[in-house]
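Participant: There's a structure below that I have some questions on.
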Amino acid sequence: LKHSVVFFEVEILDAKTKGKLCFLDKWYPTRQSIRLDAKGKSLKDEDVLQHLPVGTTATLYFRDLGAQISWVTVFLTEYAGPLLLYLMFYFRVPFIYAPKYDFTTSKHWVVHLACMCHSFHYMKRLLETLFVHRFSHGTMPLRNIFKNCTYYWGFAAWMAYYINHPLYTPPIYGEQQIRLALVMFLFCQIGNFSIHIALRNLRPPGSKTRKIPYPTKNPFTWIFLLVSCPNYTYELGSWLGFTLMTQCLPVAFFTVVGFFQMTVWAKGKHRSYLKEFRDYPPLRSPILPFVL
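Everything in the sequence shown is counted per the UniProt record's numbering, starting at 1 for the first residue and increasing by one.
Laid out in structure tokens, this is it:
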């Protein structure tokens, strides 16, 4: 299409019609956005004509969303990159640092610990993508993979360069700071995983059902009492711990940028919960209890 929006007039001849709104054969279904209002939200694939707020005729707005790619593919790509890039800096492959440092190891044990924590984090993300997450939307625009990979890969390379640099110096408070940071990191990683499991259990396989998440018997999920998106809260805590562990400015900057982005996502999900569920718990905040 030469125009981004095209108007379709549809006459509903049979009030009992149960056909779904995927009738444009030129574009595969995940590429189609069909709306009742030009500026409204896209209709869901499972929407049925007879259940929509229209009369015997309706004007539908069609938009070509462009090439799509699955969420699983995007997540695997954006998470595998940081894992491999960090290891390249850790093992000091040639052409990164001075030739005399090629394939050498750091003399600071915190560098090895940081590599294990960073690798654990992204391996966890990869495994969760394959075996835990259930996506409400199957695809996203293809262009997003380039944007997401630039963000994750770029920051991973920036952090890894300085943490594994031959001139890297350990945290100022030494072993006590590192141990405290490690406990914080591992605690939040377990919490983040617990929340992902709890959210997964809310949605049966193959379903797009949305329910209010509540605390379970797992103590790490009790934060649901105060926060709508505790997975982001734990994610923030993990990177704060990693920042303390490495005392590296690029890590701190990545943590701050990630916090702002996760806050945007959390506020959006919090608004959706409030709009969709009238009995949504009023004490919950989007990401930080009683604060934000």
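Glycine included, C-beta positions come from ideal geometry on N, C-alpha and C.
Could you name the residues that DSSP lists as bridge partners for Val227?
Facilitator: Paired residues: Ser285.
Participant: Provide the residue span of the beta strand (DSSP E) that contains Pro204, from first to last.
Facilitator: Note, Pro204: premise wrong, no beta strand (DSSP E); not H, not E.
Participant: Which word fits Pro205, buried or exposed, when buried means at least 16 other C-beta atoms lie within 10 angstroms of its C-beta?
Facilitator: Under this definition Pro205 is an exposed residue.
Participant: Starting from Ser70, follow its DSSP beta bridges and name the residues at the other end.
Facilitator: Ser70 pairs with Thr139.
Participant: Three or more C-beta pairs under 8 angstroms: does that hold for the region 144–152 against the region 78–88?
Facilitator: Flag = yes, the region 144–152 and the region 78–88 touch.
Participant: For Thr233, I'd like the list of residues in its chain whose CB is within less than 6 angstroms of its CB, leaving aside the five on either flank, ordered along the chain.
Facilitator: Correct list, in chain order: Val227 and Ile287.
Participant: Between which two residues does the alpha helix (DSSP H) harbouring Ala266 extend?
Facilitator: Residues Leu249 to Glu276.
Participant: When you compare each of Leu83, Val93 and Arg200 to Glu128 by their alpha carbons, which one comes out closest?
Facilitator: When each option's Cα is compared against that of Glu128, the closest is Arg200.
Participant: Any idea if Trp109 is buried or exposed, counting beta-carbon neighbours within 10 angstroms, 16 or more meaning buried?
Facilitator: Burial call: exposed.
Participant: Leaving out five residues before and five after Val74 in sequence, what residues of the same chain have Cβ atoms less than 7 angstroms from its Cβ?
Facilitator: Excluding positions up to five away in sequence, the list reads Met140, Asn144, Ile145 and Asn148.
Participant: What first and last residue would you give for the alpha helix (DSSP H) that runs through Tyr122?
Facilitator: From DSSP, the alpha helix (DSSP H) with Tyr122 extends over Trp109 to Phe131.
Participant: Going by alpha carbons, who is nearest to Arg134 out of Ile96, Ile172, Ser272 and Ser207?
Facilitator: Closest by alpha carbon: Ser207.
Participant: For Val264 and Cys229, what's the separation of their Cα atoms in angstroms?
Facilitator: The straight-line gap from Cα to Cα measures roughly 11 angstroms.
Participant: Does DSSP put Phe95 in a helix, in a strand, or in coil?
Facilitator: Phe95 falls in the coil class under three-state DSSP.
Participant: Determine the contact status of Gln189 and Ser119, defining contact as a CB-CB distance below 7 angstroms.
Facilitator: Not in contact: Gln189 and Ser119 (Cβ atoms no closer than 7 angstroms).
Participant: Apart from the five residues just before and just after Ser194, which ones in its own chain have a Cβ nearer than 7 angstroms to its Cβ?
Facilitator: Asn218, Phe220 and Thr221.
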